[in-house]
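Visitor: Counted the way our numbering counts, the sequence shown spans residues 120 to 239.
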Amino acid sequence: MRDFFCRNTQGKSGPERKNIPEGTDYCFQIQIDRYEPVFQKQDILAVSSAAAAHNEIGIFCFRGVCYIRTLYRKGSVCKLRALNVMEPDIVVEKEEELCCLGKILGKAYGEYEILHPEKE
Numbered sequence: 120m121r122d123f124f125c126r127n128t129q130g131k132s133g134p135e136r137k138n139i140p141e142g143t144d145y146c147f148q149i150q151i152d153r154y155e156p157v158f159q160k161q162d163i164l165a166v167s168s169a170a171a172a173h174n175e176i177g178i179f180c181f182r183g184v185c186y187i188r189t190l191y192r193k194g195s196v197c198k199l200r201a202l203n204v205m206e207p208d209i210v211v212e213k214e215e216e217l218c219c220l221g222k223i224l225g226k227a228y229g230e231y232e233i234l235h236p237e238k239e
């Protein structure tokens, strides 16, 4: 793991490795509630830098906006499926560029302290 959240720094530590899914490259905290019921506000998500495949949750950049969505890709149809019923799915046309920034592996559990290197 290479992210500041997951390493020991000056006596402070991130979550224990046993509480982070294997293959995690970095973690981040959800700041809004639009991903419920799958993820709650303040959840810490474990992310792999690998691209998400069909029916996997990932972080996607589309039309200059980042989304946490489930990728649906079958034949020529590509959609970013919302994690809740309040948000519409996003259809990605063939000529449009979709970038996957990482695959969500799950949540990081246990006690942790979020480190802020700029404050140290």
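Even for Gly, the Cβ is constructed at its ideal location relative to N, Cα and C. Since the model is a prediction, treat every value here as computed from it, not as a measurement.
Can you say whether Ile139 is buried or exposed, counting buried as having 16 or more other CB atoms within 10 angstroms of its CB?
Guide: Position 20 of the sequence shown holds residue 139. Result: buried.
Visitor: Determine the burial state of Gly172: buried for a count of at least 16 other Cβ atoms within 10 Å of its Cβ, exposed for fewer.
Guide: Stepping through the sequence shown from its first residue, residue 172 is reached at position 53. Per the sequence shown, the amino acid found at residue 172 is Ala instead of Gly. So Ala172 counts as exposed.
Visitor: Expressed to the nearest angstrom, what Euclidean distance is found between the alpha-carbon atoms of Ala201 and Val184?
Guide: As a working note, residue 201 is residue 82 in the sequence shown. As a working note, residue 184 is residue 65 in the sequence shown. Cα-Cα distance, rounded: 14 Å.
Visitor: State the start and end residues of the unbroken beta strand (DSSP E) segment that holds Gly229.
Guide: By one-based count along the sequence shown, residue 229 stands at place 110. Where Gly229 is concerned, there is no enclosing beta strand (DSSP E), given that its DSSP letter is neither H nor E.
Visitor: Over the uninterrupted beta strand (DSSP E) stretch that includes Tyr154, give me the two end residues.
Guide: Within the sequence shown, numbered from 1, the residue matching residue 154 stands at position 35. Looking at the DSSP string, Tyr154 is not in any beta strand (DSSP E), and its letter there is neither H nor E.
Visitor: Run the CB neighbour count on Arg182, radius 10 Å, all protein chains shown included, and call it buried at 16 or more, exposed below.
Guide: Counting from 1 along the sequence shown, the entry for residue 182 is found at position 63. Answer is exposed; the Cβ neighbour count stays below 16.
Visitor: Hey, Ile149 and Leu164 are a contact pair by Cβ (cut 8 Å); roughly how many whole angstroms apart?
Guide: In the sequence shown, residue 149 corresponds to position 30, counting from 1. In the sequence shown, residue 164 corresponds to position 45, counting from 1. Sure, about 7 Å apart at Cβ, within 8 Å.
Visitor: Which whole runs of the alpha helix (DSSP H) in the stretch 136-214 are 4 residues long or more, in chain order?
Guide: Here no run is fully enclosed.
Visitor: When you compare only the Cα positions, how much space is there between Leu190 and Asp208?
Guide: Taking the first residue of the sequence shown as position 1, residue 190 is located at position 71. Taking the first residue of the sequence shown as position 1, residue 208 is located at position 89. For Leu190 and Asp208, the distance between alpha carbons rounds to 10 Å.
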